[in-house]
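Note that this note's numbering has the first sequence beginning at 1351, numbered continuously upward.
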Amino acid sequence: MSETARVARVLLDSPLPQLDRLLDYRVPEELADTAAPGVRVKVPLRSAGRVSNGFLIELVDKADFVGTLSDLDTVVSPVPVLSPELWTLARRVADRGAGNASDILRLGIPPRQVRVEKAWLAGRGAPQRSGAGGMASPIHGYQPGRIEDAVRDAQRIALRAIPRIAQLPGGAWAGHWAVTLAQAAAQCLAGGDSAILVVPDYRDQDQLEAALHAFAADEAIIRMDARQPNAERYRGFLSCLEPEPRIIVGNRSAVYAPASRLGLIALWDDGDPLHAEPLSPYVHARDAALIRADQQSCALILAAHTRSVETQRLVEIGWLHDVAPAPAVTPRVIVTAQQAAADTPAGAARIPSAAWRAATDALEAGPVLVQVARPGYAPVVACRRCKQAARCTVCAGPLGVTRAGAKPSCAACGAIAADWVCSNCEGTALSLVTRGAGRTAEELGRAFAGTRVLVADGERPVQRVGAERALVVATRGAEPIADGGYRAILLLDGERMLARENLRVGDDCLRWWSNAAALAAPGAPVVLVGVGGPLAQAMATWRQDAYAAAEFADRRVLRFPPAVRIASVVGRAETVATAIAEIEPGAVIDTLGPAPLDDALVRSIVRFDYAHGAVVARDLRAAVVRNATSRRKRPSGDGRFVPAPTLKVRFDDPEIL
DNA sequence: AGCACGCCGACT
DNA sequence: GTCGGCGTGCTC
């Protein structure tokens, strides 16, 4: 055939903002067969020799570019790893946050594994297993058919999870939320559609997978998480490219997984900070899920025991429908002031009498959970005489005691403080001022003599405990699931958890407590110790949405996120000022800063309404590209020339404000 | 990021 | 004349 050679439009796999656009290449005849949209390619960049990796986005007949086109160098593999949907999603998500599309693609497309790919290509000729393998069964605990309707009609819902645990057919126990989401996904699968389920961490992932295996065929369930070996990850990715529907369950990057006929995206516990991408492009899984659900017209479920302020906003503007359990299910939450019982052993002094009685009674029947704020034994030690926090004599890091009877050691450098002398008063005696999970366990072990005490924290993870009587001391987020549920739950360190300098402490605490409370057996007391006010009320009435609504109203008055959006701009003072000055007039509400950082950098924060987000992102992005393109070297203080630092823009940073 | 182009000072 | 150092700008 002697038709005119086609033109391939290629996105380079490059982190450079100025290369975040499509470049045109001529498709040479010998590549005409394999050069298809979505394949990985190599292309020459600047005078021959250097080749760079990229994705073939589309084939067109005529180039935009006026000039001589270079030839496509190689088609790396015939597998179209970048679907049109993912490309559109990556472009939209990147544009929204003034980031690179290729950064999104890196999250959605795992590195190529040649062996895995060859095996997959060889096996594709074989007949596919038929039958979607999803079992649609009625979803209990809500108005009958409510969730089924939402999935079928591609609704967007904020789902209040049932705060209970449920027994799976195999006998194992999991959060009830996992059963609800697994059933919704299985319904999707039975209808021939794929579902993506996004969880913050591995513990949640394990529960959800266990629940899924009760409702869907094993081969339809695909894991996707960053801790998988590359080969396994790529194998799962490739199987998502097949036309059969799948249920994809994974962490935040699973929201970008390919999925044929996507019917549902569900996100569990969207307030968990693990849903926020800590590296470029910094996009929150919730935002990506919102965009993707809109783009692919699929159902969206944001499910949680609590209500994030962000989700509350979406409910209030009518973007999400609020769906609550029917009939209502609430744990029995008891709020107590911090007061020690007169008749308890000294070691348990921080347990008030009501909690003490609850624990004592419950221990007759089964396991009792004690939630504490900090891991370790005594994370902070201080001078006994002057009370000043003890510091390491080597590196000035904080000293702590890791095990009962151990010498204090530095949390930063690990040095053991053998002959410690207080830098303030020259005292030599230390006292333990905080209790970690280990020390609480030790004290409770003494107080409840003869009871088995076990500790669960980040270092000593425990997934589940049996139904026998035991005291389980766990740090927040590390609570094991007890068969049949805990007979009592003590939330001990509320005061300390609230004593963090963060606008979001209230939201976080409510989430930690609510997630723990959901592990209780029906009717078991959940004692919240030493906390009052709206948080305690939200727990006692199980109306986390009311707390979120009040919080959102406050933020609206203050013009804090998520009532408005923000972008932080970091760079040299002039560059930052210019970048902000060139944003379209009227798009920005106001600018905070510039605040000086180290290295002669400053940070300014611009606030703007959601309606102006696209304009602000476009204009700040232009400033970033301009800065990267003309990186003029400028004289530094001592007359030498140093490269100008890059201008950094980050949207919706959860750490700010 | 890399790499080539080009403008200006120092050399045969 | 012309060699090459380093700032500047581009990548289809």
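Ideal Cβ placement from N, Cα and C applies to all residues, glycine included.
Reduced DSSP secondary structure (H/G/I, E/B, other) of residue i
{"i": "His-1625", "result": "helix"}
{"i": "Glu-1594", "result": "coil"}
{"i": "Ala-1692", "result": "Interpretation of Ala-1692 is limited by its pLDDT of 49, a score under 50 that renders its predicted location unreliable; the figure taken from the coordinates is listed afterwards. Coil, per DSSP."}
{"i": "Ser-1986", "result": "With a pLDDT of only 43 at Ser-1986, under 50, the local geometry of the prediction cannot be trusted, and no value is derived from it."}
{"i": "Thr-1438", "result": "helix"}
{"i": "Trp-1334", "result": "Here the chain has residues from 1351 to 2007 only, and residue 1334 is not among them."}
{"i": "Thr-1825", "result": "strand"}
{"i": "Pro-1884", "result": "helix"}
{"i": "Ile-1930", "result": "helix"}
{"i": "Arg-1724", "result": "coil"}
{"i": "Val-1549", "result": "coil"}
{"i": "Ile-2006", "result": "coil"}
{"i": "Ser-2010", "result": "Beyond the ends of the chain as shown, which are 1351 and 2007, falls residue 2010; an answer cannot be given."}
{"i": "Lys-1392", "result": "strand"}
{"i": "Gly-1873", "result": "coil"}
{"i": "Ala-1561", "result": "helix"}
{"i": "Pro-2040", "result": "Outside the displayed range of the chain (1351 to 2007) lies residue 2040, so it cannot be described from this structure."}
{"i": "Val-1718", "result": "strand"}
{"i": "Gly-1808", "result": "coil"}
{"i": "Ala-1469", "result": "helix"}
{"i": "Gly-1943", "result": "strand"}
{"i": "Ala-1896", "result": "helix"}
{"i": "Ala-1635", "result": "helix"}
{"i": "Ala-1849", "result": "coil"}
Range of the contiguous alpha helix (DSSP H) that encloses residue i
{"i": "Cys-1538", "result": "1526 to 1540"}
{"i": "Ser-1864", "result": "1855 to 1867"}
{"i": "Ala-1712", "result": "1703 to 1713"}
{"i": "Ala-1972", "result": "1963 to 1979"}
{"i": "Ile-1497", "result": "1496 to 1502"}
{"i": "Phe-1415", "result": "Phe-1415 -> no alpha helix (DSSP H), and no H or E assigned at all."}
{"i": "Val-1429", "result": "That residue, Val-1429, is in no alpha helix (DSSP H); it is neither H nor E in DSSP."}
Sheet register partners of residue i (DSSP bridge)
{"i": "Phe-1958", "result": "Arg-1915, Val-1938"}
{"i": "Thr-1686", "result": "Val-1879"}
{"i": "Gln-1517", "result": "Trp-1523"}
{"i": "Val-1679", "result": "According to DSSP, which records beta bridges pairwise, Val-1679 is partnered with nothing at all."}
{"i": "Ile-1641", "result": "Ile-1641 is not bridged to any residue."}
{"i": "His-1490", "result": "None; His-1490 has no bridge partner."}
{"i": "Ile-1319", "result": "The chain is shown only over 1351 to 2007; residue 1319 falls outside these bounds and no answer can be derived."}
{"i": "Asp-1374", "result": "Arg-1359"}
{"i": "Met-1574", "result": "Gly-1600"}
{"i": "Arg-2021", "result": "Since the first residue shown for the chain is 1351 and the last is 2007, residue 2021 is missing from the structure and cannot be characterised."}
{"i": "Ser-1420", "result": "Tyr-1375"}
{"i": "Val-1920", "result": "Arg-1953, Lys-1998"}
{"i": "Ser-1759", "result": "Gly-1750, Ile-1766"}
{"i": "Arg-1741", "result": "Pro-1748"}
{"i": "Ala-1581", "result": "Answer is none; Ala-1581 lacks a bridge partner."}
{"i": "Ala-1820", "result": "Pro-1717"}
Outcome for residue i when other beta-carbon atoms lying within 10 angstroms are tallied against a minimum of 16
{"i": "Leu-1908", "result": "exposed"}
{"i": "Cys-2081", "result": "Missing from the structure shown is residue 2081; the chain here goes from 1351 to 2007 and no further."}
{"i": "Ile-1766", "result": "exposed"}
{"i": "Pro-1550", "result": "buried"}
{"i": "Asn-1852", "result": "exposed"}
{"i": "Leu-1629", "result": "exposed"}
{"i": "Pro-1911", "result": "buried"}
{"i": "Asn-1865", "result": "buried"}
{"i": "Ala-1508", "result": "buried"}
{"i": "Leu-1471", "result": "exposed"}
{"i": "Ile-1667", "result": "exposed"}
{"i": "Phe-1902", "result": "buried"}
{"i": "Asn-1601", "result": "buried"}
{"i": "Glu-1467", "result": "buried"}
{"i": "Leu-1361", "result": "buried"}
{"i": "Pro-1725", "result": "buried"}
Extent of the continuous beta strand (DSSP E) to which residue i belongs
{"i": "Asn-1403", "result": "1401 to 1410"}
{"i": "Cys-1733", "result": "1731 to 1733"}
{"i": "Asp-1672", "result": "1671 to 1673"}
{"i": "Leu-1841", "result": "1838 to 1841"}
Heavy atom of the ligand FMN within 7 Å of residue i beta-carbon
{"i": "Ser-1759", "result": "The ligand FMN is not part of the structure shown, which contains no ligands of any sort."}
* Runs of beta strand (DSSP E) lying entirely within the segment 1762 to 1803, each at least 3 residues, in chain order -> 1780 to 1782
* Complete alpha helix (DSSP H) runs within the segment 1442 to 1466 (minimum length 4 residues, chain order) -> 1451 to 1458
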